[in-house]
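Just so we're aligned: 128 in numbering that gives the first Met the number 0 is position 129 of the sequence shown, and the numbers increase by one with no gaps anywhere.
The beta-carbon is built from N, C-alpha and C at its ideal position, and this holds for glycine as well.
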Amino acid sequence: MNIDAFHLEDIENPEHPSDFIPGDGYTVLVLRLPEVMNSSVKIYSYAFVVEGETCYFYNRERQKLEKLGTLTDMNQFLDKLTEKLIKDIQKYHYEIELMEESLYENRLSGMFMQQWLSYKKDVSLIHRLMFHAALSFELFITHHKRYEHFEELAYADLYEHMVRIRDLAKAAMDKLDNLYDFYRAKVDEKMNRNVYYLTILSGIFLPLTLMTGFFGMNTGGLPWTDDPDGTTKVVLLSLVLELLFMIPFLVQNMKKIKKFQRKR
């Protein structure tokens, strides 16, 4: 079998994206597929050459084409890979649902954002790879279904598996996006509540600060300087100022207090 030099270069390139390449008397199918190993996603490139009813697989360790068998054998080879991928992406959905429950039940761990970023990175990579793999495989089916020996139903089922993995990855991405929005809403609410409480505290101590600054000035003519009850009068004046400041403040913000008050 004579393979075009450019096609052979594509076959040997482990970084070549998923693609379907028709040649002179043969076709080339390159699939870059994800594989979940040790809680991380690895990328593997699989290159196939189909000539008539015979399928060849490029062995990257030996760096040569090896006979895989018929198109049925190729279908079985890819079917095992896609079945494992479906199970792996379902595990991601399960882990994301656990994160969702912990967020709704207010049981957030310190590793929440690290987990979110890790899952987002993995499922985004799976979706991107399967998007291109499904497109290339669809072209492969369209080209070969014209031949009598091609088992269209079997390959259509395999294509459906690829599309399913792609859609599951997209659904996981959407779940993570919604989860992040809800997480940010909870964090923002907590920050707003803290800022509000700090504002109240600042309002409480503002009159005291003004009184302390006024009577702490090293100048003459300050009231109650020689009065034995001067300290008591200053304290009472401070309390009156506190009440005059806090009453309208609390009345205007009663709705906010009710909003941020937690039920015990």
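- The secondary-structure analysis by DSSP pairs VAL27 across a beta bridge with ILE20 and VAL48.
- TYR118: member of the alpha helix (DSSP H) spanning 111-143, first to last residue.
- Counted as a single uninterrupted DSSP element, the beta strand (DSSP E) harbouring ASN58 occupies residues 53-58.
- About 6 angstroms separates the beta carbon of PRO16 from that of ARG31, a gap short enough to meet the 8 angstroms contact definition.
- Nearest to GLU14 by C-alpha distance, out of TYR179, GLU137, VAL49 and ARG59, is ARG59.
- From the listed residues LEU167, SER101 and ASP23, the smallest Cα separation to TYR179 is found for SER101.
- Per DSSP, LEU7 is one residue of the alpha helix (DSSP H) stretching across 4-11.
- Ranked by Cα distance from LEU157, the first of LYS86, GLY51, SER201 and ALA133 is ALA133.
- Nearest Cα to SER117 within the set VAL48, VAL35, ALA184 and LEU80: VAL35.
- ASP121 counts as buried, since no fewer than 16 other beta carbons sit within 10 angstroms of its beta carbon.
- For the pair of segments examined, the region 164-179 was found to touch the region 97-116: the number of CB pairs separated by less than 8 angstroms reaches three.
- Nearest Cα to ASN12 within the set TYR45, VAL40, SER39 and ILE95: TYR45.
- Close CB contacts of HIS92 within its chain, under the 8 angstroms cut and outside five residues either way in sequence, are with LEU167, ALA170, ALA171 and LYS174 (chain order).
- When secondary structure is reduced to three states using DSSP, GLU65 falls in the strand class.
- DSSP places TYR146 outside any alpha helix (DSSP H), giving it a letter other than H or E.
- The residues LEU157, in chain order, have a CB closer than 7 angstroms to that of LEU77 in the same chain once the five nearest residues on each side in sequence are set aside.
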